[in-house]
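**Student:**
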Amino acid sequence: MIQFLLNQDLIKLEAVAPSLSILDWLRIKKGKTGTKEGCASGDCGACTVIVGDKKQGRWQYKSINACLMLVGSLHGKHLVTIEAVSKTDFPQLEDLHPVQKAMVECHGSQCGFCTPGIIMSMLALYLNHQTYPGKLAAIHALGGNLCRCTGYSPILKAVEKCFEYPRADHDWQSATQLLENKLIQSATPFLVEQTRHFYLPQNLAELVRLRAEMPNTRLVAGATDLSLEFSQQLKESSSLISLTQCQELLSFQSDQSGIFIGAATPYSEFVGEFCKIYPEASELFERLGSCQVRNAGTLGGSIGNASPIGDPAPLLIALNASIELTGKKGKRQLPLDEYFIAYKTTQLADDEVISGFYIPPRPANLTLACHKISKRIEDDISAVCLVLALSTDDSQINHARVALGGMAAIPARAKQVEQALLGQTTSLVTFQTAASLIHQDFSPLSDVRASSDYRIKVSENLFTRIWHENFGRIDTQAQSLTIQPSATRVNHAAL
41 MIQFLLNQDL IKLEAVAPSL SILDWLRIKK GKTGTKEGCA SGDCGACTVI
91 VGDKKQGRWQ YKSINACLML VGSLHGKHLV TIEAVSKTDF PQLEDLHPVQ
141 KAMVECHGSQ CGFCTPGIIM SMLALYLNHQ TYPGKLAAIH ALGGNLCRCT
191 GYSPILKAVE KCFEYPRADH DWQSATQLLE NKLIQSATPF LVEQTRHFYL
241 PQNLAELVRL RAEMPNTRLV AGATDLSLEF SQQLKESSSL ISLTQCQELL
291 SFQSDQSGIF IGAATPYSEF VGEFCKIYPE ASELFERLGS CQVRNAGTLG
341 GSIGNASPIG DPAPLLIALN ASIELTGKKG KRQLPLDEYF IAYKTTQLAD
391 DEVISGFYIP PRPANLTLAC HKISKRIEDD ISAVCLVLAL STDDSQINHA
441 RVALGGMAAI PARAKQVEQA LLGQTTSLVT FQTAASLIHQ DFSPLSDVRA
491 SSDYRIKVSE NLFTRIWHEN FGRIDTQAQS LTIQPSATRV NHAAL
């Protein structure tokens, strides 16, 4: 059995399909149709809801895609839907929450289909900030919400205006206290439907035990990719083991020995601290899905999925990260670039789980460049993802790691390119000569995202861009290139 709050009601569930999404449960089982189904793939945001979790003694709320998150992952959490935002079921203007009132007064809604999801994203931003956090924060919060019948300016104006009204905080304390008092503490909360189960181990020992006993049972974290099999391909799941509440996998640690990121830690809970150390990776993470996706997706899920176009893998490989695998025999580490064997094939044993990632300390003289090439700037899949990490001594390159995604069946290093960089000066000729060897490291496929020739050419061009950004003192963000007194590290499309 699992227990959670739906708005202010305590819910207990036992007999539920492992693959049941929050969206389908809300609409079909509970009749709460305010949460809409648009794309059912985490792209449009019409299904956005808010999920609260008690951390460090207080409840924290974030937006997620209800079409992707599985009901089993709600154990011990607080699910808030559009029906709970205003004071009454049939509100007048004075009964509306500030985010709703602002949308009305700024004319941010037209047909209304997308509006509930937009309201929920606005509410999440409102709950996490006492004052207006600025236009950029508003854009990031709404980046996963698409409205096809109105301009976005009125919506952004509504975000700003909602903070001008008297503060309206929800009184959820009595409901959350009820959940805390009633919550049954068990080693493994679960759901069952006939012979199919959804297991939710609370610690690593229990997770490893379940994995060893059921090696063919699929592991799931944020489900931002796996759920597409259920919603798009209409596949039925067998049993699932969720990593989302395994406490040892929910951590981020940074000290003189480096960084450790737990495999089930959502991106939104570690990216901020990670990017204080590696600010060059900020744009790469900002363009990794939407806010809703980053609130659920995990490194363990991305690496475990072993997709050749996953954005985190090239970054971690370039930073010489190691992956930690845990099984019945204990823990082992191996370099991440050795983890991938072939397409969707890895070194993970049948009785093992990914428990975390180690990144060594940042060298004082590291130059890091991260570039994602895609058809859209935001919320899109890479055609090419290139990350270069090099160290210099008196303008001579003494260390170089170049990793790419989208160029082969697995994320991989460009070893011929690396060798061409080592021992050379940081000149444009050096970078362009090294780039000319990319075709020796990769023979990419042509597909719907890009042709093979384009992938090779854009990768070569990125080396020219990286040199200009880091050594040539040219601002590549401007519409026309202008010489600047110091280097800039802004990363956009290739030259």
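Sequential numbering from 41 applies to the sequence shown in my numbering.
Using N, Cα and C, we set each Cβ at its ideal position, and we do this for glycine too.
Note that this is a predicted model, so its numbers are computed, not measured.
#1: Can you tell me which residues form a DSSP beta bridge with Ala-440?
#2: In angstroms, rounded to a whole number, what distance separates the CA positions of Asp-563 and Phe-314?
#3: Taking buried to mean at least 16 other C-beta atoms within 10 Å of its own C-beta, is Asn-256 buried or exposed?
#4: Locate the beta strand (DSSP E) running through Gly-157, then write down its first and last residues.
#5: Check each candidate in His-118, Asp-129, His-115 and Tyr-172 and name the one with the smallest Cα separation from Val-139.
#6: Quick one: Cα of Ser-59 to Cα of Glu-276, how far?
#7: Could you tell me the boundaries of the beta strand (DSSP E) in which Gln-96 lies?
#8: Are the segment 184-198 and the segment 117-128 in contact at 8 Å, needing three or more beta carbon pairs?
#9: I'd like to check one pair, Phe-153 with Lys-76: are the Cβ atoms closer than 9 Å?
#10: Using DSSP's beta-bridge definition, name the partner residues of Val-91.
#11: Looking at the secondary structure, which residues open and close the alpha helix (DSSP H) in which His-508 lies?
#12: Which same chain residues, not among the five before or five after Leu-477, have their C-beta less than 6 Å away from its C-beta?
#13: Considering only DSSP beta bridges, list what Asp-49 is partnered with.
#14: Buried or exposed for Met-41, please, with buried defined as at least 16 other CB atoms from any protein chain shown within 10 angstroms of its CB.
#15: Name the DSSP beta bridge partners of Pro-375, please?
#16: Quick check: what's the CA-CA separation for Val-199 versus Ala-142?
#17: If distances are taken between C-alpha atoms only, which option among Met-254, Ile-450 and Leu-444 comes closest to Lys-368?
#18: Please classify Ala-518 as buried or exposed, where buried requires at least 16 other C-beta atoms within 10 Å of its C-beta.
#19: Assuming His-479 is part of the beta strand (DSSP E), what are its boundary residues?
#20: Under the three-state reduction of DSSP, which class applies to Arg-258: helix, strand or coil?
#21: Between the beta-carbon of Thr-338 and the beta-carbon of Asn-105, is there less than 9 Å?
#22: What is the DSSP secondary structure of Gln-217, counted as helix, strand or coil?
#23: Looking at C-beta atoms only, is the number of pairs between the segment 145-161 and the segment 180-187 that lie closer than 8 Å three or more?
#24: Which whole-angstrom value is the C-beta distance of Ala-448 and Pro-400, which I expect to be below 8 Å?
#25: Use the C-beta contact count for Leu-250: other C-beta atoms within 10 angstroms, 16 or more gives buried, fewer gives exposed.
#26: Can you tell me whether Ala-107 is helix, strand or coil according to DSSP?
#27: With distances taken from CA atoms, which of Pro-451, Ser-291 and Tyr-307 is nearest Ser-347?
#28: Spatial neighbours of Arg-258 within its chain, please: C-beta separation below 8 Å, excluding the five flanking residues on both sides.
#29: From Leu-53 to Tyr-379, what does the alpha carbon distance come to, in whole angstroms?
#30: Under DSSP, the alpha helix (DSSP H) around Ala-181 begins and ends at which residues?
#31: Could you compute how far the alpha carbon of Ser-294 sits from the alpha carbon of Pro-241?
#32: Just the C-alpha distance for Arg-529 and Thr-504, rounded to the nearest angstrom, thanks.
#33: Examine the Cβ distances between the segment 433-445 and the segment 380-396 and report whether three or more of them are shorter than 8 Å.
#34: In the DSSP assignment, what residue or residues form a beta bridge with His-147?
#35: Put Val-125 into one of helix, strand or coil per three-state DSSP.
#36: DSSP has Arg-453 in a bridge; who is on the other side?
**Tutor:** Taking the definition as stated:
#1: Leu-430
#2: The structure shown does not extend to residue 563, since the chain spans only 41 to 535, so no value can be given for it.
#3: exposed
#4: Run containing Gly-157: none in the beta strand (DSSP E); it sits in the alpha helix (DSSP H), 155-168.
#5: Tyr-172
#6: 7 Å
#7: No beta strand (DSSP E) holds Gln-96; DSSP gives it neither H nor E.
#8: no
#9: yes
#10: Lys-102 and Leu-119
#11: 492-510
#12: Gln-456, Val-457 and Ala-460
#13: Leu-46
#14: exposed
#15: Ser-362
#16: 7 Å
#17: Met-254
#18: At Ala-518 the pLDDT is 45, less than 50, meaning the model places this residue with poor confidence and gives no usable figure here.
#19: Counting along the chain, His-479 falls outside any beta strand (DSSP E), though it belongs to the alpha helix (DSSP H) covering 478-481.
#20: strand
#21: no
#22: helix
#23: yes
#24: In fact, because the Cβ distance is near 25 Å, the residues do not count as touching under 8 Å.
#25: buried
#26: In the sequence on display, residue 107 carries Cys and not Ala. Here Cys-107 sits in coil by DSSP.
#27: Pro-451
#28: Leu-266, Ser-277, Ser-278, Ser-279, Leu-280 and Ile-281
#29: 38 Å
#30: 175-181
#31: 26 Å
#32: Because the pLDDT at Arg-529 is just 34, under 50, the model does not fix this residue reliably, and the point stays unresolved.
#33: no
#34: The partner list for His-147 (beta bridge, DSSP) is empty, contrary to what the question assumes.
#35: coil
#36: Ala-443
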